[in-house]
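In numbering that gives the first Met the number 0, the protein residues as written are 0 to 247. Yeah, the Cβ is synthetic: ideal placement off N, Cα and C, and Gly gets one too. On a predicted model such as this, the values are computed, not experimentally measured, just so you know.
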Amino acid sequence: MTCARAAASQILSRLLPDTSPASYGMLFLCGALYGICLLLTLRSGASVGGGLLNIGGISSPVLMTFGASLPLFYNLMQPWRFITAVFLHASLLHIGFNMWVLIDIGPMVEELYGSARYFFIFVVTGALGYVASSFFGHMSVGASGALLGLIGVLLAVTTKRRGAASQMVRSQLLRWLVYIAIWGFLFPGIDNAAHRGGLVAGFLVGRVMMDRQPADPIERKRAYTLGWLTGVAVVVSFAFMVLQFFRI
Numbered sequence: 000m001t002c003a004r005a006a007a008s009q010i011l012s013r014l015l016p017d018t019s020p021a022s023y024g025m026l027f028l029c030g031a032l033y034g035i036c037l038l039l040t041l042r043s044g045a046s047v048g049g050g051l052l053n054i055g056g057i058s059s060p061v062l063m064t065f066g067a068s069l070p071l072f073y074n075l076m077q078p079w080r081f082i083t084a085v086f087l088h089a090s091l092l093h094i095g096f097n098m099w100v101l102i103d104i105g106p107m108v109e110e111l112y113g114s115a116r117y118f119f120i121f122v123v124t125g126a127l128g129y130v131a132s133s134f135f136g137h138m139s140v141g142a143s144g145a146l147l148g149l150i151g152v153l154l155a156v157t158t159k160r161r162g163a164a165s166q167m168v169r170s171q172l173l174r175w176l177v178y179i180a181i182w183g184f185l186f187p188g189i190d191n192a193a194h195r196g197g198l199v200a201g202f203l204v205g206r207v208m209m210d211r212q213p214a215d216p217i218e219r220k221r222a223y224t225l226g227w228l229t230g231v232a233v234v235v236s237f238a239f240m241v242l243q244f245f246r247i
């Protein structure tokens with residue numbers, strides 16, 4: 000198991016950038032899934048236009064098949080949707096905005112916690128955002144709940160630290176929250192419940208998790224284990240998505 004994990008880590012290190020590999024890995028995964036979903040939407044003959052917000056739009060049947068979050072009853076029957084929905088996006092503007100925020104904020108959190116724990120934070124806060132969303136009966140996709148989770152983590156960290164640097168980061172995060180709140184108020188279809196759930200989950204994680212990279216071999220082993228378990232959860236979730244796709 001240790002040899003296999005080391006080999007996998009070596010392969011990943013060659014494929015991903017030296018700085019912020021988890022952030023760019025998730026950027027690649029979201030982009031690849033969006034491209035596949037767009038091709039299937041075009042193949043089905045569904046419209047991918049209809050206004051700025053819907054340019055490159057993905058059809059609802061394709062999103063449902065690929066793991067969109069559904070009302071709670073359906074998600075409990077197919078819990079992998081809590082995770083797969085984090086990596087799906089509904090339009091070109093949707094993925095463009097979310098990936099912009101990811102590359103703006105993600106590397107800060109990844110540098111602070113290390114790639115393994117950062118990956119855990121991203122997936123868990125995104126999934127918990129969809130737990131909150133599903134109570135309201137939404138069909139929803141997107142990484143925004145996880146991104147609000149990253150903002151929540153950084154807010155928690157900056158409230159524990161004093162100094163000009165923390166205050167500057169906190170001011171930037173509060174501006175992001177204002178922009179996202181305005182966006183959610185002005186445009187229909189924004190999953191504000193997932194945003195709130197991810198933000199609260201991230202803030203709680205930031206309060207309890209050590210806000211630094213692993214400092215010794217024991218801490219690194221725990222962090223890597225957490226990251227690999229998260230990776231397994233993601234892989235298993237997408238395996239169920241693939242089975243769902245071929246079943247349909």
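| Item | Value |
| --- | --- |
| Starting from Asp103 and walking both ways along the alpha helix (DSSP H), at which residues does that stretch end? | 91-112 |
| Between the Cα of Ala192 and the Cα atoms of Arg246, Ile94, Val140, which residue gives the shortest distance? | Val140 |
| Mapping the DSSP letters down to three states, classify Ser19 as helix, strand or coil. | coil |
| Using CA coordinates, which residue listed in Thr64, Ala31, Pro60, Val199 is at the minimum distance from Ala45? | Pro60 |
| Mapping the DSSP letters down to three states, classify Ser132 as helix, strand or coil. | helix |
| Can you give me the C-alpha to C-alpha distance between Val207 and Ile181, rounded to a whole angstrom? | 30 Å |
| Name the two residues that bound the continuous alpha helix (DSSP H) containing Arg160. | Counting along the chain, Arg160 falls outside any alpha helix (DSSP H), and DSSP gives it neither H nor E. |
| I need the boundaries of the alpha helix (DSSP H) containing Arg219, first residue and last residue. | 216-246 |
| Quick one: Cα of Leu146 to Cα of Leu185, how far? | 19 Å |
| Quick one: what does DSSP say Ser58 is sitting in, helix, strand or coil? | coil |
| Hey, Ala21 and Val85 are a contact pair by Cβ (cut 8 Å); roughly how many whole angstroms apart? | That pair is no contact at about 14 Å. |
| Please report the straight-line C-alpha distance between Thr157 and Phe245, rounded to a whole angstrom. | 46 Å |
| Which residues bound the alpha helix (DSSP H) around Ala200? | 191-207 |
| In angstroms with no decimal places, state the Cα-to-Cα distance between Phe239 and Arg80. | 9 Å |
| My assumption, with CB atoms under 8 Å, is that Gly128 sits in contact with Ala200. Please give the rounded CB distance. | 7 Å |
| Which residues in the same chain have their Cβ closer than 7 Å to the Cβ of His93, if we skip the five residues on either side of it in sequence? | Gly141 |
| Within its chain, find whatever has a CB closer than 6 Å to the CB of Ser19; leave out the 5 residues flanking it on each side and keep chain order. | Pro106, Glu109 |
| Span of the alpha helix (DSSP H) holding Leu75? | 71-76 |
| To the nearest angstrom, how far is the alpha carbon of Gly188 from that of Val241? | 26 Å |
| Please classify Gly34 as buried or exposed, where buried requires at least 16 neighbouring CB atoms within 10 angstroms. | exposed |
| Using only CA atoms, which one of Phe118, Met167, Phe65 lies nearest to Leu225? | Phe118 |
| Which value, in whole angstroms, describes the spacing of the CA atoms of Phe237 and Thr83? | 6 Å |
| Are the CB atoms of Ala131 and Arg195 within a distance shorter than 9 Å? | yes |
| Quick one: what does DSSP say Val85 is sitting in, helix, strand or coil? | helix |
| With a CB to CB cut of under 8 Å and the five nearest residues on each side skipped, what residues in its chain are close to Ile150? | Ile104, Leu172, Trp175, Leu176, Leu198, Gly201 |
| With the cut-off set at 9 Å, would you say His88 and Ile54 are in Cβ contact? | no |
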